[in-house]
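**Q**
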């Protein structure tokens, strides 16, 4: 029998000799949608593609150089590890991953170390994995795409296009729609904060009301209300240059501007004055919007009101035994 031309062999080869890999969707640092390969042959905790880590400004640390066998079987030198958070099917964790050139469609490999740590088992027949430590099953991205229809957001849509740009012998059909934008932007029902608080804290219910954080403080008169005085008085407010932004940064910027406009903290302006926008990485992942007011500060009359010294504050609480940690929303407002 000519096995190369046999239809039986062709069917067997297609079904069993080239099964699709197990891949899952991740949201890295709360802003970047990407795909991870579940690889039990990868003996470390995780790997992240070098270009992906640099492009999305993942937090990186230098480590002593070591050799590791890459996906192509060749030895590669590793001297960096990246720290990032990722969301997977309803839960979030922080991971460390070796940074290397993966040369594949997936930007992240979750290896044997991650599988052992999270007690993960693979179900190839069901094209899924089961995370026993969390009690959840995650369908493989490849498994859900074959012969089926998926409804995804814009970020996932872009990730799918990038992942399948070099896929051989495959046809991907996409349809884009903006019909659900208004529905997605609808305001959610308010949460009953009192029902979530323990009884001993319910007298402070207003302090936990997210609506109160959307208001500016009341006017308190001269000496308290903030104002900007230029020096000299005829100085013109400056303007700053525009910086190119990544897709993740643009998403954060749009979200922040929409939120500030809805709260009334800012308004649309056609003023010639402008300050550039930049981003700083949050310790727990994600991006924090920052505005560069240095040029404005250079022509602003300084207020020398004494600020407390951190050392004095630490000395005053050095003998305390109990501390309260508060996550203040919109502290600068």
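In UniProt numbering, the protein residues as written are 1 to 333. Positions of the beta carbon are idealized from the N, C-alpha and C atoms, including for glycine.
1. Taking just the CA atoms, how far does residue 108 sit from residue 244?
2. Kindly indicate which residue of 81, 296, 295, 116 has the alpha-carbon position closest to the one of residue 100.
3. Just curious, the beta strand (DSSP E) that residue 273 is in, first and last residue?
4. Going by CA-CA distance only, name the one from 68, 84, 234, 67 that's closest to residue 61.
5. Taking the alpha-carbon of residue 213 as reference, which of 131, 246, 122, 327 has the nearest alpha-carbon?
6. Spell out a yes or no on whether the segment 285 to 299 and the segment 205 to 223 are touching, meaning 3 or more CB-CB pairs, one atom from each, closer than 8 Å.
7. Applying the criterion that 16 or more other CB atoms from any shown protein chain within 10 Å of the CB defines a buried residue, is residue 45 buried or exposed?
8. What is the rounded straight-line gap between the Cα of residue 277 and the Cα of residue 124?
9. Pairing CB atoms from the segment 291 to 309 with CB atoms from the segment 235 to 242, are three or more of them under 8 Å?
10. Whose C-beta lies closer than 6 Å to the C-beta of residue 94 among residues of the same chain, with five residues either side of it excluded?
11. Under 6 Å Cβ to Cβ from residue 146, same chain only, skipping five residues before and after it: list those, please.
12. Quick check on the burial criterion: 16 or more other C-beta atoms within 10 angstroms. Buried or exposed for residue 317?
13. Which ranges would you report for the alpha helix (DSSP H) in the segment 226 to 309 if only whole runs of at least 4 residues count?
14. Is there contact here, the segment 25 to 44 with the segment 248 to 257, by at least three beta-carbon pairs under 8 Å?
15. Do residue 138 and residue 89 have their C-beta atoms within less than 8 Å of each other?
16. Do the segment 297 to 309 and the segment 266 to 281 make contact, defined as three or more Cβ pairs closer than 8 Å?
17. Classify residue 313 as helix, strand or coil using the three-state DSSP reduction.
18. Just to check my reading of the structure: residue 98 and residue 78 have Cβ atoms closer than 8 Å, yes? What is that Cβ distance to the nearest angstrom?
19. Between residue 111 and residue 73, what straight-line distance do the alpha-carbon atoms span, to the nearest angstrom?
20. Can you tell me the Cα-Cα spacing of residue 201 and residue 50, whole angstroms?
**A** On the basis of the supplied data:
1. 25 Å
2. 81
3. Looking at the DSSP string, residue 273 is not in any beta strand (DSSP E), and its letter there is neither H nor E.
4. 84
5. 327
6. no
7. buried
8. 46 Å
9. yes
10. 85
11. Below a pLDDT of 50, predicted positions are generally treated as unreliable, and residue 146, at 44, falls in that range; no measurement from the model is reported.
12. exposed
13. 247 to 263, 294 to 297
14. yes
15. yes
16. no
17. helix
18. 5 Å
19. 16 Å
20. 48 Å
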